[in-house]
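So the sequence lines, in the order shown, correspond to chains A and B.
Quick note on numbering: the first sequence equals residues 1 to 166 in our numbering.
Quick note on numbering: the second sequence equals residues 1001 to 1230 in our numbering.
For glycine and all other residues, C-beta sits at the position ideal for the given N, C-alpha and C.
Contents: one structure, followed by commentary.
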Amino acid sequence: MNLSLLLLLLATLAAGCATAPHHTLPRTAQSFPADALITQRAVLTALGRQYTLNGYLARSATGGQRLIVTENLGGVLADVLVKPDGAVHVMRSSRAFTPQRIRRHLAADLQCIFGDLPRADCPGQMLSPTHFVIERRWYKLDVQIVETKPGPQSPPIFDETQKATP
Amino acid sequence: MRKTFAAGLLAATSVLLAPAAEPPLTPVADPQPILANLQRQMSSLSSVYLEFTQERWLKLFAEPLKSEGVMLIARPDLIRWETTAPFQSILIGNHKSVAQFEFTDGAWKKLKVGFPQMLRRVMEQMSLMHQGRLDALTKDFTISVSTGSVAVVTMVPKDQEVRAMLASIEIQLLPDFSATREVVMHEPGGDRTRILFRREKRDVKMAAALFDQTKPLDLAAIKKAVANEP
């Protein structure tokens, strides 16, 4: 390879890098019912291994969003309430999903897909209106919405003072 | 998470064996003869087919969160737990390995399963249960039996750490152990998971490909076979 060809290749690569699409999830909150129960199936990939999760999201226009994450047979791994102002309340945690992980990752990813407030840190793609992928440094979260039941949710769901017992 | 999942999976499969609870039930002082009878009946089976509805009852929600699926178990140690709605997922195991598949974007994809050792251990326990070997579970559970309109086997984890997440498992069978009705996993806070079984078919001929851990045969094959059963 001569020098000019090498320079051309480098220039091409540089241009490619400069113009490469920076995938960021679009804001999609408006496409979901303001009041609804949304069931999700997710595959979490971390350190080369994959874990399947179920997500149950209760949405309220006035109360906020409450997400419960369970493992395959129903055990609750995480329970988080995000108020309309963005305040995060960890209602239930587990060994796999510590309060810190829930605040730092789970609540953030929840807001990326379902949040009303704009967020800059949402690396990922919307593969379809019901299929989202979030890719962060340490993990990849593939989320599919499998069921949406529109309708008002029970107000206590959005009361941060009513924590579930583990 | 591991222990909860393991216990849950275990319970789900244990389904085979049996029972759970509606009054009036009478606690059995010595459950050993009943457990032995159960083991005798189960040990003669070559396979079991079950369709299930899983209800997740959370105090937070007025109604249960539901999913549907099918469970297959075949001697000596094969098991397939498949969720068919509202999403599609397959878990297949034997005493050596486990595999999980998710149906995504129109195709099945095999996952690089996390905690494979734990899952394999659960599969071994499932195999034991398929043979009615509840005695093999006494190391991990305190087992009691109640009888009445149904037979109920209650398993309470001995490990305090496990008990903090899973208070007990109830397996409800017909009094003669001819079919499993449901399995209920109770949590300390009052939440519970209920797995209701229907269309239980025993000694159904199952193709080995149904348990293939690379490209498992579609469930339609066994469903068709079961539909033709008397």
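What is the DSSP secondary structure of ALA1021 of chain B, counted as helix, strand or coil?
-> The residue given as residue 1021 of chain B occupies position 21 in the second sequence. Bear in mind that the predicted position of ALA1021 of chain B carries a pLDDT of just 46, short of 50, making it too unreliable to give a figure here.
Nearest-angstrom Cα separation, counted from GLN1172 of chain B out to ASN1037 of chain B = Here residue 1037 of chain B refers to the residue found at position 37 of the second sequence. Here residue 1172 of chain B refers to the residue found at position 172 of the second sequence. Going by the C-alpha atoms only, they are around 15 Å apart.
Which term fits ASN54 of chain A, buried or exposed, when burial requires 16 or more other beta carbons within 10 angstroms of its beta carbon?
-> To locate residue 54 of chain A, count along the first sequence from 1; it is residue 54. A buried status is given to ASN54 of chain A, since no fewer than 16 other beta-carbon atoms sit within 10 Å of its beta-carbon.
Along chain A, which residues have their Cβ under 8 Å away from the Cβ of GLY1148 of chain B?
-> The sequence position of residue 1148 of chain B within the second sequence is 148, counting from 1. Near GLY1148 of chain B there are no residues of chain A at all, since even the closest Cβ is about 27 Å away, more than 8 Å.
Between the Cα of TYR139 of chain A and the Cα atoms of A:ASP35, A:ALA87, A:TYR51, which residue gives the shortest distance?
-> Taking the first residue of the first sequence as 1, we reach residue 139 of chain A at position 139. Among A:ASP35, A:ALA87, A:TYR51, the Cα nearest to that of TYR139 of chain A is on A:TYR51.
Taking just the CA atoms, how far does ASP116 of chain A sit from LEU110 of chain A?
-> Residue 110 of chain A sits at position 110 when you count from the first residue of the first sequence. Residue 116 of chain A sits at position 116 when you count from the first residue of the first sequence. If I take the Cα positions, the gap works out to 10 Å.
So is HIS23 of chain A buried or exposed if we call it buried at 16+ other beta carbons inside 10 Å?
-> Residue 23 of chain A sits at position 23 when you count from the first residue of the first sequence. Taking a 10 Å sphere around the C-beta of HIS23 of chain A, we find fewer than 16 other C-beta atoms and assign the residue as exposed.
Residue burial classification, SER1044 of chain B (beta-carbon count within 10 angstroms, cutoff 16) = Indexing the second sequence from 1 puts residue 1044 of chain B at position 44. Exposed: under 16 other Cβ atoms inside 10 Å.
State the beta-bridge partners of ARG59 of chain A as determined by DSSP.
-> The count along the first sequence starts at 1 and reaches residue 59 of chain A at position 59. In DSSP, ARG59 of chain A forms a bridge with A:ALA36, A:GLN65.
Indicate whether at least one CB of chain B lies closer than 8 Å to the CB of ILE134 of chain A.
-> Along the first sequence, one-based indexing puts residue 134 of chain A at 134. No, ILE134 of chain A does not count as interfacial toward chain B.
Proximity to THR98 of chain A [Cα-Cα], best of A:SER128, A:SER31, A:ASP79 | What you label residue 98 of chain A is simply residue 98 of the first sequence in a count that begins at 1. Closest option to THR98 of chain A, Cα to Cα, is A:ASP79.
Give a yes or no on whether the minimum CB-CB distance between GLU173 of chain A and chain B is below 8 Å.
-> Residue 173 of chain A is absent from the structure shown; chain A starts at 1 and stops at 166.
Reference ASP1077 of chain B; option with closest CA among B:ASN1094, B:GLY1069, B:TYR1049 = Position 77 of the second sequence, counting from 1, holds the residue named residue 1077 of chain B. Per the Cα distances, B:ASN1094.
If you check the beta carbons only, do THR148 of chain A and PRO33 of chain A fall under 8 Å apart?
-> By 1-based counting over the first sequence, the position of residue 148 of chain A is 148. By 1-based counting over the first sequence, the position of residue 33 of chain A is 33. Yes, they are a contact pair.
Going straight from the alpha carbon of ASP121 of chain A to that of GLU135 of chain A, what length do you get?
-> Counting from 1 along the first sequence, the entry for residue 121 of chain A is found at position 121. Counting from 1 along the first sequence, the entry for residue 135 of chain A is found at position 135. Those two C-alpha atoms are separated by around 11 Å.
Give me the Cβ distance between TYR56 of chain A and LEU81 of chain A, rounded to the nearest whole Å; I'm assuming they're in contact under 8 Å.
-> For the purposes of this step, residue 56 of chain A is taken as residue 56 along the first sequence, with counting starting at 1. For the purposes of this step, residue 81 of chain A is taken as residue 81 along the first sequence, with counting starting at 1. Actually they are not in contact, since the Cβ atoms of TYR56 of chain A and LEU81 of chain A sit about 13 Å apart, beyond 8 Å.
With LEU25 of chain A and GLY124 of chain A assumed to form a contact (beta carbons below 8 Å), what rounded beta-carbon distance in angstroms separates them?
-> To locate residue 25 of chain A, count along the first sequence from 1; it is residue 25. To locate residue 124 of chain A, count along the first sequence from 1; it is residue 124. Going by Cβ atoms, the distance from LEU25 of chain A to GLY124 of chain A rounds to 5 Å, so yes, they are a contact pair.
Counted within 10 angstroms of its Cβ, other Cβ atoms place ASN72 of chain A as buried (16 or more) or exposed = Here residue 72 of chain A refers to the residue found at position 72 of the first sequence. Classification of ASN72 of chain A: buried, given that the 10 Å Cβ count is 16 or more.
Look at the Cβ atom of SER1047 of chain B, then the Cβ atom of ARG1080 of chain B, and state whether they are nearer than 8 Å.
-> Counting from one through the second sequence, the residue named residue 1047 of chain B turns up at place 47. Counting from one through the second sequence, the residue named residue 1080 of chain B turns up at place 80. Contact: no.
Would you check if there are 3 or more beta carbon pairs closer than 8 Å linking the region 1177-1189 of chain B to the region 1203-1218 of chain B?
-> no
Give the range of the alpha helix (DSSP H) segment to which ARG191 of chain A is assigned.
-> Residue 191 of chain A is absent from the model: chain A starts at 1 and stops at 166.
Quick one: Cα of ARG1120 of chain B to Cα of SER1097 of chain B, how far?
-> By 1-based counting over the second sequence, the position of residue 1120 of chain B is 120. By 1-based counting over the second sequence, the position of residue 1097 of chain B is 97. Annotation: ARG1120 of chain B to SER1097 of chain B spans about 6 Å, alpha carbon to alpha carbon.
Below 8 Å on the Cβ atoms is my guess for VAL43 of chain A versus LEU1111 of chain B; work out the distance and round it to an integer in Å.
-> Within the first sequence, the letter at position 43 stands for residue 43 of chain A. Within the second sequence, the letter at position 111 stands for residue 1111 of chain B. Confirmed, Cβ separation roughly 7 Å.
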